[in-house]
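Going by full-length UniProt numbering, the residue at position 67 of the sequence shown is 68; the numbering climbs one at a time, nothing skipped.
Structure record follows, encoded as structure tokens.
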Amino acid sequence: ALQRTFSIIKPDATRRNLTGKIIEKFEEGGLRVVASKRIHMTEEQAKQFYAVHAERPFYMDLVNFMISGPVVVQVLEGEDAIAKNREIMGATNPADAAPGTIRKEFAESIEANSVHGSDGPDTAKEEIAFFFSDDEIVG
Ligand code: CMP
């Protein structure tokens, strides 16, 4: 079914000017950018966005990394967009990512792994609403 998912192009990727190359991967994979903005997250936003990982040992490093530079937050739309985007991104750890995926081609490490994507329908809804109002999404 037609679905929407939430994506972040992370600071390691914006720093290396890879925004266009990453969006090209989404579009080649059949996803459509229906909302997009470049922002610099506040510490509060990053902490809240990743609250599910608050107890993990990497939490504060992750938060500090996510506020280390600009990010591009987007809503991607397409058939089975959530699973498709996960396929296009590749495994969280670039060492495990399949050839041709964003993380295999561009990620620097498990933390600086270039992109975030929603892991399921409930998180997609929550994450989209966290950064976008309805009128900012144009399908
Ligand atoms: P993301 O999809 O943004 O969701 C949580 C992020 O935590 C993940 O991608 C990784 O970039 C980051 N991270 C850092 N260290 C780890 C780790 N050891 N295991 C899983 N995720 C990690």
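By construction, the Cβ of each residue, glycine as well, lies at the ideal position given by its N, Cα and C atoms.
As the structure is a computational prediction, the values presented were derived from the model and not from experiment.
Around the beta-carbon of PRO122, fewer than 16 other beta-carbon atoms lie within 10 Å, marking it exposed. For GLU80, the uninterrupted beta strand (DSSP E) run begins and ends at 72 to 80, by DSSP.
At a threshold of 7 Å, ASN114 counts as near ligand 1, since its beta carbon sits closer than that to one of the ligand's heavy atoms.
Around the beta carbon of ASP13, a 10 Å sphere encloses 16 or more other beta carbons of the protein chains shown; the residue is thus reported as buried. Burial is judged here by how many other beta carbons sit within 10 angstroms of a residue's own beta carbon; ASN86 has at least 16 and is buried. The stretch 50 to 61 makes no contact with the stretch 18 to 32, as fewer than three CB pairs between them are under 8 Å. ASN18 counts as exposed, since fewer than 16 other C-beta atoms from the protein chains shown sit within 10 angstroms of its C-beta.
Contact annotation: SER134 and LEU77 have beta-carbon atoms that are not nearer than 8 Å.
Counting along the chain, THR6 sits inside the beta strand (DSSP E) bounded by residues 3 to 10.
Note on HIS41: under 16 other CB atoms within 10 angstroms of its CB, so exposed under the neighbour-count rule. Put simply, the backbone Cα of ALA92 is about 26 Å away from that of GLU44.
Counting other Cβ atoms within 10 Å of its Cβ, VAL64 reaches 16 or more and is therefore classed as buried. For the 8 Å CB-CB criterion, ALA113 and PHE66 form a contact. With contacts defined as CB atoms closer than 8 Å, ALA82 and ARG5 qualify as a contacting pair.
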